[in-house]
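When the sequence shown is numbered by my numbering, its final residue is 1264 and no position is left out of the sequence of numbers. All C-beta atoms in this analysis are idealised placements derived from N, C-alpha and C, irrespective of residue type, glycine included.
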Amino acid sequence: MKEWNDHFFDFLVSHAKVYGFIFPSSEIYGGLNAVYDYGPYGIELKNNIKEFWWKTMTILHENIVGIDSSILMRNDIWNASGHVNEFNELLIDNKDSKKRYRPDLLIKEHVEKKFSNHPKKKEDILFRLSQSLKKKDLLDLKILFDELNIFDSISKTKNWTEIRHFNMMFKIKNENKKDLYLRPETAQGIFCNFHNVKKSTRMKIPFGIAQIGKSFRNEIFARKFLFRMREFEQMEMQFFILPEEEKRWYEYWKNVRLKWHLILGDKKNYKLRNHDHLAHYASLGADIEYHFPFGFQEIEGIHSRRDFDLKKHEFFSKKKLRVFESKKNYIPYVIETSLGLDRLFLAIFSSSLKKEELVENRTIRIVLKLPSYLSPVKGAILPLVGKDGLPEIAKKIFDEFKMNHKLIYDQKESIGKLYRRQDAIGTPLCFTVDYKTIETDTVTMRCRDSMKQKRIHIKNISRIIENETGLEKILKKLSDFI
Ligand code: GAP
């Protein structure tokens, strides 16, 4: 168990690969840094997470609708939104290793390691860091960096360049060899469609637009598996409000989003942290942080973007992006909730992966205790043995219910091994066809978490799966505080 705890993150990455959740991109050519592919069970889990978020936003909130805007957009949008000039990270190079880093992250890591037993000292340094970032004072930041005597972990030297800015947007060329950007956030597609959506749906303020889609960032310090990737997915929602209601809606969304996360996991794994360093478009901001295997880190951001984006787009596009409602002509304010789908996947995967010692038969099992409504496969139909007509009955049951639920039929190993395999991919229920099935039309139902077994009639299988693994129950629970 000690080894499991000490090397949990390595086990997690390996489990994700071996059981078909996450593969390194371009692996047969040596891999591509900070880019990953979702495998057969990974995509099912990811799609279930998306569906859960999407339904929460667009079904439980009657005043939120969805869109799916394009990844490629005109450069005018990124000039207007400020991303061309402001969407920068800090950069420092080590001249000996030729490796590139984010100095703010190196400082944070250094402080975590060196001063974990000196909270006051740690707090002072982090305060100095936040002040330099706020003032965008690169000289001051470099002084702090040098004072901390930070070595490069590869070259073991302190031979650093000056600190500089680096724009995080990926550039590509179009057919005329002109630069285009891959979007670094999905939000701008929402702002630019604000009027189209409002007109076509006849929505009135307050209302929201939700979107799930890929974003791209040329991250300098991309690592920690799915946590910081160069190609990732965001689930964003922009909520358009009356300017005077900014505080109320900001508090509402902070509260509602935190509660949504708490439904998914243990309370002690979540924190709400107000921002000390705001993005260029935001006036108020907080992060929901999750306790990843490498510490508390941001999983979702909630910001008030005020009228920053609509105002800029109105100015640059010369198209009216204001509303005339309740006898007022105004540009609405926006509260944004922005959640990283891959980060949420990692959070759910890491909190679900368990190693259990089974005292009764002195073995261990690796089990993925996913919330059952998110499990990639809802039920496995397994014949006890591969003969005497049992596979045929099991296959018939599988065919009867496969249209309603994501099921698996498997007869490749002994029943004990089949159960372990379903545990490892997080299947909540297994239904085993045995000799009694032939006479009684009943099967053994085995539950993933308790490992308890129970005899049930075949005709009840579908209803039980729906009851135990459907989204409806959880959506009802959520609707109580929305
Ligand atoms: N539209 C606002 C926005 O994009 P952000 O804080 O930069 O805000 C929002 O990003 C969320 O997107 C983050 O909380 C995180 O979950 C996810 N995210 C950002 N960069 C990421 C990356 N490189 N890899 C994976 N997820 C990322």
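Query	Result
Alpha-carbon to alpha-carbon, Leu921 and Leu1046	43 Å
Given Ser808 as reference, the closest of Glu1118, Lys1194, Tyr818 and Gln1235 once Cα atoms are compared	Tyr818
Validate contact between the stretch 1101-1116 and the stretch 1133-1141 using beta carbons, cut 8 Å, 3 pairs	no
Beta-carbon spacing of His797, Ile1148 below 8 Å	yes
Beta carbon proximity, Gly1161 to chain B, threshold 8 Å	No chain B appears in this structure, which consists of one protein chain only.
One or two residues paired with Val1225 in a DSSP bridge	Ile1238
Inside the stretch 1004-1057 only - alpha helix (DSSP H) runs reaching at least 4 residues	1028-1046
Chain-order list of residues whose beta-carbon lies under 6 Å from that of Asp934 (same chain, five-residue window excluded)	Asn876 and Ser879
Coil, strand or helix - Gly1067 by DSSP	strand
Rounded separation between Arg1005 and Ile1175 - CA only	48 Å
Start-end ranges of the beta strand (DSSP E) lying completely within the stretch 1150-1225, minimum 3 residues	1161-1165, 1189-1191 and 1211-1215
Tyr811 (DSSP reduced to helix, strand or coil)	helix
Nearest-angstrom Cα separation, counted from Lys980 out to Lys1160	38 Å
Gln1204 beta carbon near the ligand GAP (any heavy atom closer than 7 Å)	no
Nearest to Leu887 (by Cα), restricted to the options Ser898, Phe1213, Ile874 and Ile1243	Ile874
Residue from Asp1124, Thr1145, Asn941 and Tyr1201 whose Cα sits closest to the Cα of Lys832	Asp1124
Distance, His865 Cα to Lys959 Cα	21 Å
Helix, strand or coil at Thr1119 [DSSP, three-state]	strand
Proximity test, Leu1121 beta-carbon vs the ligand GAP heavy atom, cut-off 7 Å	yes
The stretch 970-989 / the stretch 813-829 touching (three or more Cβ pairs under 8 Å)	no
CB contact flag (Ser912, Asp1058, <8 Å)	yes
CA-to-CA distance, Phe793 to His1062, given in whole angstroms	38 Å
Assumed close pair Ser863, Lys1094 - CB separation to whole angstroms, cut-off 8 Å	6 Å
Contact test: Glu871 Cβ vs the ligand GAP heavy atom, cutoff 7 Å	no
Counted within 10 angstroms of its Cβ, other Cβ atoms place Pro1153 as buried (16 or more) or exposed	buried
Environment of Asn1242 [buried if 16+ CB atoms lie within 10 Å]	exposed
Residues bridged to Trp942 (per DSSP)	Asn876
Under the three-state DSSP convention, the category Phe998 falls into	strand
Expected contact under 8 Å - CB spacing of Lys1053 and Phe1078 to nearest Å	6 Å
Nearest-angstrom beta carbon gap, Met1019 and Gly990 [assumed within contact, 8 Å]	5 Å
Three-state class that DSSP yields for Ser1086 in the structure shown	strand
Cβ-heavy atom distance, Gly995 to the ligand GAP, below 7 Å	no
Range covered by the beta strand (DSSP E) that runs through Glu1107	Val1105 to Glu1107
First and last residue of the uninterrupted beta strand (DSSP E) at Glu823	In the sequence as displayed, the identity of residue 823 is Tyr instead of Glu. Taken as a continuous stretch (DSSP letters only), Tyr823 belongs to no beta strand (DSSP E), being part of the alpha helix (DSSP H) at Pro822 to Lys837.
Limits of the beta strand (DSSP E) - the one that Glu1138 falls within	Leu1135 to Leu1140
Identity of the residue in Asn956, Leu1128, Glu1028 and Gly1122 nearest Phe791 by Cα	Leu1128
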